[in-house]
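Under my numbering, the first residue of the sequence shown is numbered 13, with each subsequent residue one higher. Idealized CB from N, CA, C, for every residue including glycine. Since we're looking at a predicted model, the values are computed, not measured. Here the structure is laid out as structure tokens; the discussion comes afterwards.
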Amino acid sequence: MSQISLPHQSNAEVFTVSQFNVLVRDLLEINFSDIWIEGEISNLRKYPSGHYYFTLKDETSEINAVMFAGMAAHLDFDPEDGMHVIGLGTATVYLERGRYQIIVRRMKPAGLGKLQLAFEKLKEKLKAEGLFDEERKRAIPIFPERIGVVTSAEGAAIRDILSILRRRYPVVEVLLFPVKVQGEGASAEVAAGIEAANRYHATKKPIDTLIVGRGGGSLEDLWAFNEEAVARAIFISRIPVISAVGHEVDFTIADFVADLRAATPSAAAELVVPDRQEVVSLLAQRLSEVQSIVQARLQDFQTQLDLLLSSYAFRRPIQRLREFQQRLDHLSDLMLRSFRAHNLAIQERFEKLFSRLEAVNPVAVMRRGYSVVQDQSGRLIKSIEQVDLHEQVNVRLHQGALLCEVLEKIRSGELEA
């Protein structure tokens, strides 16, 4: 067995345990004063003082950590065992036990932290390129004829949008460009949906406004709308875009690029079309204002004539009086004819608007002999492939509904034969 020679005082320095611990502590604190460390929390203990003591670990190693109450008070989440976090702190040594540890000053969930960092990085990049500039953003048309929607065909967002559009402005045409809105490949599908809407706009029928969005969810669920591909597709869109992602508290990169941000898909539907009742009321108000202006002008002329008639200079010159009377009659006739023509034009616009509304009124359609077929869950049946033999369906007619059973399915070609 080999012998260990003890150092002589003359040629080697001997440390006490405390001295050595202080030396190591100083080395760590100088060289690792601001270190980011990522790991999983375990053995978490929170003391009445507000201090947190825990272990950070990965697959092969672990390190002791402490977060004192002053720093812990600024946390915006509650740490738990098993949570994956990123912490900023200083490496040091607990002198009494000679145990090295991390004093954590800041901490956040690792997944959220990475996404937030990616969000801020992309936001700064696109802002520097001018994608968020207010000067390039376009106004949303007030009376659209055709609206495009880029969202999931199965989500609540499209149902809410369609319901509100039918109630507020049923004459508008809605085109759905269905896409996947979360998960792998979602951002590419959303970008492709925006591009598809623009191709339709350029080659088939013009689309006045495009709604791009989805319902609420976590940051991860909404992440497709924080991807660069979606932002650039919105930026180059020839159709004005309303971004409608998540809830009111959710903000995405798409919101900053879009011409207009709506807090929710439902809010987007409210913003994209006027309410038909409000339109009718506004037209009626404008008509009343025109009538008031005409009447006021006529009254002004009458007042001027009365003043002239009462003045001494115009009591005798009957001819001048007759000229003024003729002029008044002529101007009154012109104004009344102009008012009637304007009133007739407004009435014709009303009649066309109400005719269009009546044409899409489901009750009017059923009154002409058509019917609506729904399954027992209320789902609209458009094809015989949606029902099975002996399945019960509801047939809605003008004056009521019939509960029917499917006895046979006859295809279009067989029916004509």
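Note the first and the last residue of the continuous beta strand (DSSP E) segment covering residue i.
i	result
S199	Segment A198 to T215 is the alpha helix (DSSP H) holding S199; no beta strand (DSSP E) there.
F66	Y64 to K69
V261	Counting along the chain, V261 falls outside any beta strand (DSSP E), and DSSP gives it neither H nor E.
P121	R111 to P121
M83	Here M83 belongs to no beta strand (DSSP E); instead the alpha helix (DSSP H) covers A81 to A84.
E52	I47 to K58
A270	First-last for A270: undefined, no H or E at that position.
Q388	Q388 -> no beta strand (DSSP E), and no H or E assigned at all.
Suppose you measure from the CA of residue i to the CA of residue j; what does that come to, to the nearest Å?
i	j	result
L346	V306	11 Å
L283	D233	25 Å
D172	S278	6 Å
L317	A308	14 Å
E290	H259	27 Å
I16	V26	Confidence at I16 is low in this model, with a pLDDT of 46, below 50, so the placement of that residue should be treated as unreliable; the coordinate-derived value is given next. Each residue's alpha carbon lies about 15 Å from the other.
I152	A296	24 Å
G390	R408	11 Å
V191	E141	27 Å
G462	D90	What is shown of the chain runs 13 to 429, which leaves residue 462 out entirely.
V34	T264	49 Å
Y59	A81	9 Å
S30	Y112	13 Å
E185	K421	32 Å
L129	Y212	36 Å
E207	R288	31 Å
S14	V36	With a pLDDT of 48 at S14, under the threshold of 50, the predicted position of this residue should be treated as unreliable, and no value is reported.
V8	V384	Since the first residue of the chain shown is 13 and the last is 429, residue 8 is not available in this structure.
S344	D145	53 Å
L56	T102	19 Å
R349	R339	15 Å
T72	T28	32 Å
H402	D387	12 Å
E92	A122	13 Å
I98	K120	6 Å
L187	G205	11 Å
F351	Q303	8 Å
R150	P252	6 Å
For residue i, which of helix, strand or coil comes out of DSSP?
i	result
H342	helix
L321	helix
V26	coil
K364	helix
E239	coil
G194	The residue you asked about is not Gly; residue 194 is Gln in the sequence shown. Three-state DSSP puts Q194 in coil, outside helix and strand.
T104	strand
Q31	helix
V292	helix
T221	strand
H430	The first residue shown for the chain is 13 and the last is 429, placing residue 430 beyond what the model contains.
V306	helix
S255	strand
V75	A small correction: the amino acid at residue 75 is Ile; Val does not occupy that position in the sequence shown. It is a strand residue.
L392	strand
R226	strand
S14	Interpretation of S14 is limited by its pLDDT of 48, a score under 50 that renders its predicted location unreliable; the figure taken from the coordinates is listed afterwards. The answer is coil: DSSP assigns S14 none of H, G, I, E or B.
D38	helix
H354	helix
D312	helix
L369	helix
S300	helix
Going by beta-carbon coordinates alone, are residue i and residue j separated by less than 9 Å?
i	j	result
I47	T67	no
A245	A256	no
A165	V224	no
V116	L127	no
L222	I254	yes
T163	I170	yes
G51	A84	no
A241	A270	no
S249	A209	yes
A198	A236	yes
F268	K69	no
L419	V405	no
F313	L143	no
A183	R368	Note that residue 183 is Val in the sequence shown here, rather than Ala. Yes, these two residues count as a Cβ contact at 9 Å.
I219	R178	no
Where does the unbroken alpha helix (DSSP H) through residue i begin, and where does it stop?
i	result
E282	P277 to V284
For the ligand FAD, is there a heavy atom less than 8 Å away from the beta-carbon of residue i?
i	result
V407	The model depicted lacks the ligand FAD and carries no ligand whatsoever.
Does any CB atom of chain C fall closer than 9 Å to the CB of residue i?
i	result
R179	The structure shown contains no chain C; it holds only a single protein chain.
query = Which ranges would you report for the alpha helix (DSSP H) in the region 123 to 188 if only whole runs of at least 4 residues count?
reply = Entirely contained in the region 123 to 188, the alpha helix (DSSP H) runs reaching 4 residues are, in chain order, 168 to 180.
inquiry  = Report the start-end ranges of each beta strand (DSSP E) in the region 405 to 429 that is 3 residues or longer and not cut off at the edges.
reply    = Counting only runs of 3 or more, we get 412 to 417.
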